[in-house]
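First the structure, in the form of structure tokens, and then the observations on it.
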Amino acid sequence: MKRRALCFLLCAALISALFTLSPSAGLSEAEIAEFHCTETRDTKTSPYWFNSRTIYDSEKAAEAGVPEGYEGLVMKLVGDSAVGFTVDFSELCIPVSSVKALHMRVYYTDKQREVRVTIDAGTSWVLRHEAKKPGAWEDVVITDAASLKLLADEDGRLGVFGFGFRNYDGTRNSTVYVDEIRAELIDPDSDPPVIRYDGPDHVITTEGKRFALPVTAYDEYEKVDFPISYEWDKPATDGDGNLVRGEYTLTMRASDSFGNSAEKVLTVSVGERDTEAPVIRFTPTVIDTVAGAYNALSFEATDNCDDVTVVQSWSEGALDRQMRLTEGTHTLTLTASDLTGNSTEMTITVNAAKTLK
Ligand SMILES: [Ca+2]
Ligand SMILES: [Ca+2]
Ligand SMILES: [Ca+2]
Numbered sequence: 242m243k244r245r246a247l248c249f250l251l252c253a254a255l256i257s258a259l260f261t262l263s264p265s266a267g268l269s270e271a272e273i274a275e276f277h278c279t280e281t282r283d284t285k286t287s288p289y290w291f292n293s294r295t296i297y298d299s300e301k302a303a304e305a306g307v308p309e310g311y312e313g314l315v316m317k318l319v320g321d322s323a324v325g326f327t328v329d330f331s332e333l334c335i336p337v338s339s340v341k342a343l344h345m346r347v348y349y350t351d352k353q354r355e356v357r358v359t360i361d362a363g364t365s366w367v368l369r370h371e372a373k374k375p376g377a378w379e380d381v382v383i384t385d386a387a388s389l390k391l392l393a394d395e396d397g398r399l400g401v402f403g404f405g406f407r408n409y410d411g412t413r414n415s416t417v418y419v420d421e422i423r424a425e426l427i428d429p430d431s432d433p434p435v436i437r438y439d440g441p442d443h444v445i446t447t448e449g450k451r452f453a454l455p456v457t458a459y460d461e462y463e464k465v466d467f468p469i470s471y472e473w474d475k476p477a478t479d480g481d482g483n484l485v486r487g488e489y490t491l492t493m494r495a496s497d498s499f500g501n502s503a504e505k506v507l508t509v510s511v512g513e514r515d516t517e518a519p520v521i522r523f524t525p526t527v528i529d530t531v532a533g534a535y536n537a538l539s540f541e542a543t544d545n546c547d548d549v550t551v552v553q554s555w556s557e558g559a560l561d562r563q564m565r566l567t568e569g570t571h572t573l574t575l576t577a578s579d580l581t582g583n584s585t586e587m588t589i590t591v592n593a594a595k596t597l598k
């Protein structure tokens, strides 16, 4: 099951990966499937590099004297006092939270005795693995969640990191073989994100403004919100991105990293432009207060269509640097705007005295 899940991931990501790999890497589809990586000598994430890298199929590997015990393709790396390369998982979009273990099957000759994994060009180490038995194939595994987390990119997906193979005897002809690099998944996830929308299935709105809905797509398994795509049955906005009149069907979709997708369909009626300005709820035209108090005034407005926020603008010198009222007579201007741009303004006189009268 786990293998199948990864294969699915690989297939989903492979087409884009093939087009985005750097030309120098030149890995084939089969090679990417076994090693998941693009390697270059001028790597930024590993202080180790190789002088030559050869990937053999089984037949050629036997001819080249690769020690038995590998399956399918096998990579031979030859370097100086140490060998290394960069592994790039980023195109595969594998959430680290879904990785149970990262495996690398490797053959140490008697000169390589340690495998290291670094994310920052050898400044720190995610793993330092001492060879149990040089001259044998060994599965090097990272399983603890904290280490795996270090291998994530900023989006929480397996990213780019370096493998290094330490050589203790200082010869300039170190060889290491790599059979496979593989992310083992905790469980293949089959649940789509949940589109959360509490509004009506038939949305009634007006033209000349942006379309916005309070909607999210949360995925329980990956513990993130995924972006939602909006597909209209016909163009619903003008060149400025504002709604135009008409009756529409809107399909909202969201997909998780495993390709599971959810959708929700709404109908949207866009009516005549709203020309009615918001109404600021009754407020006194004069307010008496005390100087030195923080401005805690708040005002509400209602609109025939939209939720409204009221913006406050004070006359010069009314507030000090800590946003406290200064002594004197000040002017507070309230502006309430709806989403179409209709607005109402109101001015209030605020008397801030040393002490309250
Ligand atoms: Ca292999
Ligand atoms: Ca999911
Ligand atoms: Ca309005």
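Per my numbering, the sequence shown starts with residue 242, numbered consecutively. Beta carbons are placed, not taken as given, at the ideal position from N, Cα and C, and that holds for glycine.
Roughly how many angstroms lie between the CA atoms of T574 and M587, to the nearest whole one?
6 Å
DSSP three-state label for E352, please.
Per the sequence shown, residue 352 should be read as Lys rather than Glu. Three-state DSSP puts K352 in coil, outside helix and strand.
Determine the DSSP secondary structure at E586, reduced to helix, strand or coil.
strand
What residues does ligand 3 have around it, judged by CB closer than 7 Å to any heavy atom, in chain order?
D515, E517, A518, P519, D544, N545, C546, D547, D579, T581, N583
Selected residue, minimal CA-CA separation from G313, among K341, I422, T350
I422
On the DSSP bridge assignment, give the partners of E463 in chain order.
Paired residue(s): none; E463 is not in a bridge.
Coarse secondary structure for F276, derived from DSSP in three states
helix
Can you tell me whether S510 is helix, strand or coil according to DSSP?
strand
Can you check whether the CB of A393 is closer than 7 Å to the CB of V337?
yes
Over the uninterrupted alpha helix (DSSP H) stretch that includes K301, give me the two end residues.
299-304
How many Å lie between V340 and G533 at the Cα?
57 Å
In its own chain, which residues sit with a C-beta less than 8 Å from the C-beta of I521, not counting the 5 before and 5 after it?
Taking I521 as the centre and dropping the five residues before and after it, the same chain places the C-beta of F540, E541, A542, V551, L575, A577, T585, M587 closer than 8 Å to its C-beta, in chain order.
Which word fits A386, buried or exposed, when buried means at least 16 other C-beta atoms lie within 10 angstroms of its C-beta?
exposed
Any heavy atom of ligand 1 closer than 6 Å to the CB of D420?
yes
Short of 8 Å in beta carbon distance, which residues of its chain neighbour V435, apart from the five on each side in sequence? Order them along the chain.
A458, Y459, D460, E461, A503
Who are the Cβ neighbours of S365 in its own chain at under 8 Å, not counting the five residues just before and after it?
T359
Boundaries (first-last residue) of the alpha helix (DSSP H) holding K390:
386-391
Going by DSSP, what residues sit across from S539 in a beta bridge?
The partner list for S539 (beta bridge, DSSP) is empty, contrary to what the question assumes.
V456 to Q553, Cα distance in whole Å?
29 Å
Residue of G487, D548, H571 minimising C-alpha distance to G558:
H571
Below 7 Å between beta carbons: does that hold for L507 and D442?
yes
Should D396 be counted as a contact of ligand 2 given a C-beta to heavy atom distance under 6 Å?
no
N592 bridges to which residues according to DSSP?
Looking at the DSSP assignment, N592 forms a beta bridge with D529, T570.
Have a look at the DSSP bridge pairing and note the partners of A518.
None, per the DSSP bridge assignment.
Who are the near neighbours of R565 in its chain, counting only those whose CB is closer than 6 Å to its CB and skipping five residues on each side?
G533, Y535
Nearer than 6 Å: is that true of the beta carbon of D466 relative to any heavy atom of ligand 2?
no
Rounded to the nearest angstrom, what separates R346 and G310 at their Cα positions?
10 Å
Which residues DSSP lists as bridging R398, in chain order:
P336
Sorry if obvious, but does the Cβ on G313 come closer than 6 Å to a heavy atom of ligand 1?
yes
Whose C-alpha, out of S331, A303, R407, is nearest the C-alpha of G325?
The residue with the shortest Cα to Cα distance from G325 is R407.
Start-to-end residues for the beta strand (DSSP E) that takes in A377
377-383
When the Cα atoms are used, what is the spatial distance from G320 to G480?
Going by the C-alpha atoms only, they are around 58 Å apart.
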